[in-house]
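Chemist: The structure's right below; bear with me while I get my questions together.
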Amino acid sequence: MNYRFQNLLGAPYRGGNATVVNNTLLVSPVGNRVSVTDLLKSETVTLPCQASTNLRRIAASPDGVFLLTVDENNRCLFINLPRRAVLHRLSFKHPVADVKFSPDGRLLAVAAGKLLQVWRSPGFKKEFFPFELIRTFADCNDLITSLDWSPNSDYLVVGSKDLTARLFYLNKGKKKKNSYTKPFLFLGHRAAIVGAFFGVDKKTNDVTKVYTLSRDGAIFTWGYSSNDAKLNEMEEDLSEPESPGTPEQGQNGEESDAVNSKKRKDFHANDDQPYEDEGLLLHKKKWDLLKKNFFMQAPAKLTACDYHKGLNMVVVGFSNGVFALYQMPDFVCLHLLSISREKITTAVFNDLGNWLTFGCAKLGQLLVWEWKSESYILKQQGHYFDVNCLAYSPDSQLLATGADDNKIKVWTVSSGFCFVTFSEHTNIVTALHFMASNHCLLSASLDGTVRAWDLFRYRNFRTFVTPTPKQFVSLAADQSGEVICAGTLDSFEIFVWSMKTGRLLDVLSGHEGPVHGLMFSPVNAVLASSSWDNTVRLWDIFEGKGGVEKFDHTHDVLTLAYRPDGKQLACSTLDGQIHFWDPLEGVEMFTIEGRRDIAGGRLMTDRRSAANSSAGKCFTTLSYSADGSYILAGGSSKYICMYDVAEQVLLRRFQITHNLSLDGVLDFLNSKNMTEAGPLDLIDDNDSDAEEGVEKQTHKTLAYDLPGSMPNHGRPIIRTKCLRIAPTGRSWAAATTEGVLLYSMDDSFIFDPTDLDIDVTPEAVDAALKEDQPKRALILSLRLNEDTLIKKCIVAVSHIDIPAVASSVPFRYLQRLVQALGDLLEKCPHLEFILRWSQELCKAHGNSIQQNSRNLLPALKSLQKAVTRLHQDLADTCSSNEYMLRYLCSTSNTR
Numbered sequence: 001m002n003y004r005f006q007n008l009l010g011a012p013y014r015g016g017n018a019t020v021v022n023n024t025l026l027v028s029p030v031g032n033r034v035s036v037t038d039l040l041k042s043e044t045v046t047l048p049c050q051a052s053t054n055l056r057r058i059a060a061s062p063d064g065v066f067l068l069t070v071d072e073n074n075r076c077l078f079i080n081l082p083r084r085a086v087l088h089r090l091s092f093k094h095p096v097a098d099v100k101f102s103p104d105g106r107l108l109a110v111a112a113g114k115l116l117q118v119w120r121s122p123g124f125k126k127e128f129f130p131f132e133l134i135r136t137f138a139d140c141n142d143l144i145t146s147l148d149w150s151p152n153s154d155y156l157v158v159g160s161k162d163l164t165a166r167l168f169y170l171n172k173g174k175k176k177k178n179s180y181t182k183p184f185l186f187l188g189h190r191a192a193i194v195g196a197f198f199g200v201d202k203k204t205n206d207v208t209k210v211y212t213l214s215r216d217g218a219i220f221t222w223g224y225s226s227n228d229a230k231l232n233e234m235e236e237d238l239s240e241p242e243s244p245g246t247p248e249q250g251q252n253g254e255e256s257d258a259v260n261s262k263k264r265k266d267f268h269a270n271d272d273q274p275y276e277d278e279g280l281l282l283h284k285k286k287w288d289l290l291k292k293n294f295f296m297q298a299p300a301k302l303t304a305c306d307y308h309k310g311l312n313m314v315v316v317g318f319s320n321g322v323f324a325l326y327q328m329p330d331f332v333c334l335h336l337l338s339i340s341r342e343k344i345t346t347a348v349f350n351d352l353g354n355w356l357t358f359g360c361a362k363l364g365q366l367l368v369w370e371w372k373s374e375s376y377i378l379k380q381q382g383h384y385f386d387v388n389c390l391a392y393s394p395d396s397q398l399l400a401t402g403a404d405d406n407k408i409k410v411w412t413v414s415s416g417f418c419f420v421t422f423s424e425h426t427n428i429v430t431a432l433h434f435m436a437s438n439h440c441l442l443s444a445s446l447d448g449t450v451r452a453w454d455l456f457r458y459r460n461f462r463t464f465v466t467p468t469p470k471q472f473v474s475l476a477a478d479q480s481g482e483v484i485c486a487g488t489l490d491s492f493e494i495f496v497w498s499m500k501t502g503r504l505l506d507v508l509s510g511h512e513g514p515v516h517g518l519m520f521s522p523v524n525a526v527l528a529s530s531s532w533d534n535t536v537r538l539w540d541i542f543e544g545k546g547g548v549e550k551f552d553h554t555h556d557v558l559t560l561a562y563r564p565d566g567k568q569l570a571c572s573t574l575d576g577q578i579h580f581w582d583p584l585e586g587v588e589m590f591t592i593e594g595r596r597d598i599a600g601g602r603l604m605t606d607r608r609s610a611a612n613s614s615a616g617k618c619f620t621t622l623s624y625s626a627d628g629s630y631i632l633a634g635g636s637s638k639y640i641c642m643y644d645v646a647e648q649v650l651l652r653r654f655q656i657t658h659n660l661s662l663d664g665v666l667d668f669l670n671s672k673n674m675t676e677a678g679p680l681d682l683i684d685d686n687d688s689d690a691e692e693g694v695e696k697q698t699h700k701t702l703a704y705d706l707p708g709s710m711p712n713h714g715r716p717i718i719r720t721k722c723l724r725i726a727p728t729g730r731s732w733a734a735a736t737t738e739g740v741l742l743y744s745m746d747d748s749f750i751f752d753p754t755d756l757d758i759d760v761t762p763e764a765v766d767a768a769l770k771e772d773q774p775k776r777a778l779i780l781s782l783r784l785n786e787d788t789l790i791k792k793c794i795v796a797v798s799h800i801d802i803p804a805v806a807s808s809v810p811f812r813y814l815q816r817l818v819q820a821l822g823d824l825l826e827k828c829p830h831l832e833f834i835l836r837w838s839q840e841l842c843k844a845h846g847n848s849i850q851q852n853s854r855n856l857l858p859a860l861k862s863l864q865k866a867v868t869r870l871h872q873d874l875a876d877t878c879s880s881n882e883y884m885l886r887y888l889c890s891t892s893n894t895r
């Protein structure tokens, strides 16, 4: 029951900016969540916190502790990145185009519409309202597009759609706290400003230049002259009033000599103030346009840019997929390459400036490129369209996903990385199945083929086809891996092939509707199939008897699942019920009514409320736990239901997302958003996004949609298409609209009092360890069921005493002990010690393990997973050492 969100796989990058924290952590938005990728360890983790809608902007503090996210509803989350916890929340009144922390981390600059707001950055201190608005600048005539801080956090340069950039001074001085300084304007661009940056002198760390980049591919370099020239200019222009309402003016609108002399004195007095450095008063400099340069990529538009102050380099990305790296201020092109044909939506340096991060929202792709060696550090791309199916490998280390984009991806569950992508299918991938060997993957597709993939050589080594093209929607293989079966969508048949020869062995006919469920019994060679013709059929393939049993239902059967012991068969029907059958006796055992449990969420186009609508109130995917005690069920809803099979009760409901950018998340729609033309969210009356090149993702039209139709105006509908519980039983995965959600158990502390009395305490465990009583300490820790104490007692046992202690452990604690050994094997360095424990447990409790294999299966699978991973790592290390020794020996002989 203690499943918690662990990771999100296969979700594409849909837009927004990416940032690099601590030089190696890539932080990027994934829908309404934040993904953190460790570029050194090749691991990616998605934070459990969710925004209300898809994220638009991300900013990280200079020390990498705090993270600020802003979504499409202008709602802000202030996150503690190491702890992965939300500290504060804030809502802005205007669309936020950019947000950045100041270099000292104390301030936040927010581009909210036409306003530039400066906030005090919250910290760890608990406050009633942690965000404090310090300054608001309203000088821009159009939306602000970019901003940048000076190194001393005193100045901001801001780019806007009004074709200008402005230099703002925060006036931190004591004497000028409440005064207002008019910003300096950088004019001359012919298109909206995309980026504006401060150029810094490497030796003094002072601002010497300003770079402004416009959408038409122009970069302007600005520099300033001395203070004396600025003073002369000010003295020449003192006759002009600051504003029409300036008092003490002459009869002709000119200021009196007394006022002018007073201004001169104030100007000289301000220059002599002790708290201001004369070299840093940028607003008193005379800025001139030093150089105009053009990237010469017309008709492509400049869409992303970044500047590295240490290296004095500019990276730019264009709408045609081309990016360029330039050395400034000489404007020397170092690299000019093309990533794709789609628009680059983000381009950013890391802290050292050796890695460049690029994002393409149209392709859902993130790249990290090292410009010196011209090599990729990271190249990850999620499924652009919905994930349809997934499959766990037998050892639970790998997860395969198939989607509407015709691709198959294989992920490492522990790291969250995709290490291979197969793209040979020419239509939607509908079903996946891992063979027992763990190195072969089967896939079925609507293109009429079933393919077998070799995960050693990463190739398609066998393709199964039919005499006439069919559309396959289900897939199964027997325990031996000799027979492959696939169900069709159009001809309602089941095709059987030989794995060795690839020859078509048999065609099973009898169903009168699409065969959407197909599974072999785990204990015998009986094949179960479910169809929309209201039936579930059992087939004996090896004996050649054909259909041996038929289970009738009153509604369409959508899917089925065998219990791991093969003594129970569950199938879901269109009326929202889950029927449980005894496949050996051929009788129905009981039924679970799930219509109310799965119901939830109202679509924008629904004319009825969610409670009164009958659409989607059924389960389309089922999965048994490893021990068969509970079952997971999901469908066209935002909920995933967990049922206790024996008690037939709902244990828990998981809400897979709170993202309001998806349709079907809200239970009740706001009547204020309803107009005569329909829901306000579905009316597109603003073409500004198209002008800026922001293309929102639209999901691929499925086979059962009308040609050319776009349901809900392209808004994705939340649904769960596939559920799979890992063979270890410690985690499960769900293929949803947002991607593949991974849930796992939190093993930090699980208190399950078993045979407790007043003497069973953590203090008693510590006392037993001090008295050198490892048996008693281990039994006490197992009775407490506290993870840290159990592992502490295991490590405290001497290797000589392992056989005696292992034989003294009661069988009812064996499952918990095996789970702890599996966790230790993945984290601690004592490999031989833990393997010795496992060996002695098998010797002492071998017969009991065989008799109760069903209950111990999840724990044993976890231990097997850890042993297999370590074996692979050691094998790779030994092979590399062997070749290195051979090389060294050969070189020494030649010398």
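Following the UniProt record's numbering from start to finish, the sequence shown increments by one per residue and tops out at 895. Cβ coordinates follow ideal geometry from the N, Cα and C atoms, glycine included.
Please classify Phe456: is it buried, with 16 or more other beta-carbons within 10 angstroms of its beta-carbon, or exposed?
Modeler: It counts as exposed.
Chemist: For Asn847, does the three-state DSSP call read helix, strand or coil?
Modeler: Looking at Asn847 - three-state DSSP - the assignment turns out to be helix.
Chemist: Taking all protein chains shown into account, decide if His799 is buried (16 or more other Cβ within 10 angstroms of its Cβ) or exposed.
Modeler: By the 10 Å Cβ count, His799 comes out exposed.
Chemist: Can Cys389 and Cys722 be called in contact, C-beta distance under 8 Å?
Modeler: Taking 8 Å as the Cβ cut-off, Cys389 and Cys722 qualify as a contacting pair.
Chemist: What are the boundary residues of the beta strand (DSSP E) that Ser145 is part of?
Modeler: Looking at the sequence shown, residue 145 is not Ser but Thr. Looking at the DSSP string, the run of the beta strand (DSSP E) that includes Thr145 is Ile144 to Trp149.
Chemist: Of all the options Phe619, Ala561, Thr535 and Phe590, which has the alpha carbon lying nearest to the alpha carbon of Ile575?
Modeler: The question names Ile, but residue 575 is Asp in the sequence shown. Ranking the options by Cα distance to Asp575, first place goes to Phe619.
Chemist: Quick check: Arg537 and His511, are their CB atoms within less than 8 Å of each other?
Modeler: For Arg537 and His511, yes; Cβs fall inside 8 Å.
Chemist: To the nearest angstrom, report how far apart Val20 and Glu647 are at their CA atoms.
Modeler: Val20 and Glu647: Cα-Cα distance of roughly 50 Å.
Chemist: Check each candidate in Asp552, Ser437 and Asp386 and name the one with the smallest Cα separation from Gly586.
Modeler: Of Asp552, Ser437 and Asp386, the residue nearest in Cα terms is Asp552.
Chemist: Taking only the alpha-carbon atoms, compute the straight-line gap between Arg836 and Ala528 and give it to the nearest angstrom.
Modeler: Near 42 Å, if we compare the C-alpha coordinates of Ala528 and Arg836.
Chemist: If distances are taken between C-alpha atoms only, which option among Val27, Gly481, Leu505 and Met499 comes closest to Phe520?
Modeler: With distances taken between Cα atoms, Phe520 lies closest to Gly481.
Chemist: For the putative contact between Thr221 and Leu187, defined by C-beta atoms under 8 Å, what is the C-beta separation to the nearest angstrom?
Modeler: Going by Cβ atoms, the distance from Thr221 to Leu187 rounds to 14 Å, so no, they are not a contact pair.
Chemist: So what's residue 901 in DSSP terms, helix, strand or just coil?
Modeler: Outside the displayed range of the chain (1 to 895) lies residue 901, so it cannot be described from this structure.
Chemist: Is Gly416 helix, strand or coil by DSSP?
Modeler: If DSSP states are grouped into helix, strand and coil, Gly416 belongs with coil.
Chemist: Hey, quick one: how far does the beta strand (DSSP E) through Lys470 stretch, first residue to last?
Modeler: It is not in any beta strand (DSSP E) - Lys470 carries neither H nor E in the DSSP assignment.
Chemist: Can you tell me where the alpha helix (DSSP H) holding residue 963 begins and where it ends?
Modeler: In the structure displayed, the chain extends from 1 to 895; residue 963 sits before or after that span and is not available.
Chemist: With Leu778 and Val805 assumed to form a contact (beta carbons below 8 Å), what rounded beta-carbon distance in angstroms separates them?
Modeler: Right, their Cβ atoms sit about 6 Å apart.
Chemist: Considering only their Cβ atoms, is the gap separating Tyr639 from residue 914 smaller than 8 Å?
Modeler: For residue 914 there is no data in the structure shown, the boundaries of the chain being 1 and 895.
Chemist: Please state whether the Cβ-Cβ distance between Val665 and Gly601 is less than 8 Å.
Modeler: Taking 8 Å as the Cβ cut-off, Val665 and Gly601 qualify as a contacting pair.
Chemist: The beta strand (DSSP E) that contains Glu132, what's its start and end?
Modeler: That run of the beta strand (DSSP E) goes Glu132 to Phe137.
Chemist: Return the residue from the list Leu475, Trp453 and Val507 that minimises the CA-CA distance to Thr468.
Modeler: Nearest of Leu475, Trp453 and Val507 to Thr468, Cα basis: Val507.
Chemist: Which same chain residues end up closer than 7 Å to Ala11 when comparing Cβ atoms and leaving out the 5 residues on each side of it in sequence?
Modeler: Same-chain partners within the cutoff: Val30, Gly31, Gly382, Glu738 and Gly739.
Chemist: From Trp411 to Phe295, what does the alpha carbon distance come to, in whole angstroms?
Modeler: The alpha-carbon atoms of Trp411 and Phe295 are separated by roughly 39 Å.
Chemist: Between Gly217, Arg816 and Pro48, which lies nearest to Lys861 when the distance is taken from Cα to Cα?
Modeler: When each option's Cα is compared against that of Lys861, the closest is Arg816.
Chemist: For Ala476, tell me which candidate among Ala403, Phe358 and Val450 has the shortest Cα-Cα distance.
Modeler: For Ala476, the nearest C-alpha among the options comes from Val450.
Chemist: Under a Cβ-count criterion, where at least 16 other Cβ atoms within 10 Å of its own Cβ denotes burial, should Ala138 be classed as buried or exposed?
Modeler: It counts as exposed.
Chemist: Just how far apart, CA to CA, sit Tyr155 and Val86?
Modeler: Their Cα atoms are separated by approximately 29 Å.
Chemist: With DSSP as the reference, label Pro329 as helix, strand or coil.
Modeler: Coil at Pro329, not helix or strand.
Chemist: What does Cys485 pair with, by DSSP beta-bridge criteria?
Modeler: Paired residue(s): Ala476 and Val496.
Chemist: Cβ atoms of Ala796 and Gly822: under 8 Å apart, would you say?
Modeler: No, Cβ-Cβ distance for Gly822 and Ala796 is not below 8 Å.
Chemist: Let me make sure I understand the geometry here. Which of Thr357, Asn893, Leu857 and Arg83 has the alpha-carbon closest to that of Tyr307?
Modeler: When only C-alpha atoms are compared, the closest one is Thr357.
Chemist: Please classify Tyr384: does DSSP put it in a helix, a strand, or coil?
Modeler: If DSSP states are grouped into helix, strand and coil, Tyr384 belongs with coil.
Chemist: Can the beta-carbon of Ile592 be found less than 8 Å from the beta-carbon of Tyr643?
Modeler: Result yes, Cβ atoms of Ile592 and Tyr643 sit closer than 8 Å.
Chemist: With respect to the alpha helix (DSSP H) encompassing Ala796, which residues constitute its N-terminal and C-terminal limits?
Modeler: Start and end: Asp787 to Ala796.
Chemist: Am I right that Val210 and Gly199 are in contact with their C-beta atoms under 8 Å? What's the rounded C-beta distance?
Modeler: So it is a contact: roughly 6 Å between Cβ atoms.
Chemist: In chain order, what are the residue ranges of uninterrupted beta strand (DSSP E) at least 3 long that sit wholly in the UniProt repeat "WD" (508 to 541)?
Modeler: Whole beta strand (DSSP E) segments, 3+ residues: 515 to 520, 526 to 531 and 535 to 540.
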